[in-house]
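Per this note's numbering, the very first residue in the sequence shown carries number 106; after that it's consecutive.
To keep things clear, I will list the structure first and then write my remarks on it.
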Amino acid sequence: MSFDVSLVWESLPQIVGGIGDGMLLGGVILACVVLAFVVFFYALGTLYDDRRDRSVLFWKSLPLSDTQTVLSKVAAGLILAPALAALGMIVLQLGFLILFSLYAAIHGINALPYLWSPTHLIAMWIKFAVLIPVNALW
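Shown next, in the form of structure tokens:
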């Protein structure tokens with residue numbers, strides 16, 4: 106029974122890519138937990154702060170119905186905040202990959218086959234975009 110090193114060497118980009126995907130998803134999970142807390146406290150704040158600081162009087166003075174006001178706040182919390190969070194996650198993921206690629210280049214390693222090729226960035230970003238309305242409904 107012998108161990109074939111060439112099989113491990115050929116699958117190394119996929120292994121490193123899987124580790125990179127896991128690291129990128131770990132940051133996404135942390136950002137999603139923070140987003141859930143932010144949206145929760147935003148929703149609580151919109152219920153209480155308008156009454157406390159009497160901005161209800163300001164909203165009443167506008168030519169908008171109460172339904173439109175509430176829907177605008179709901180859209181801000183359930184659509185706009187996750188979209189901005191997804192955009193922020195994309196920027197942070199690209200920044201992480203660029204920094205890690207620079208670190209690898211300084212140490213004489215070509216990061217393209219190990220980081221950029223096997224990672225599934227586009228598929229991950231499409232999942233983020235698709236999950237925004239799903240999470241809003243949830």
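Yeah, the Cβ is synthetic: ideal placement off N, Cα and C, and Gly gets one too.
Please read all numbers here as calculations on a predicted model, not as lab measurements.
Counting along the chain, GLY200 sits inside the alpha helix (DSSP H) bounded by residues 186-211. Between the alpha carbons of LEU236 and TYR208 lies a gap of roughly 32 Å. Per the coordinates, the alpha-carbon of ILE124 lies some 10 Å from the alpha-carbon of GLY131. Contact between ALA234 and ALA191 holds: CB atoms are separated by about 7 Å, below the 8 Å threshold. In the three-state DSSP reduction, PRO168 falls in the coil class, being neither helix nor strand. LEU140 has its alpha-carbon roughly 7 Å from the corresponding atom of PRO187. Sequence-distant Cβ neighbours of LEU149 in its own chain, meaning closer than 7 Å and more than five residues away, do not exist here. With distances taken between CA atoms, TRP230 lies nearest to MET194 out of SER177, VAL144 and MET194.
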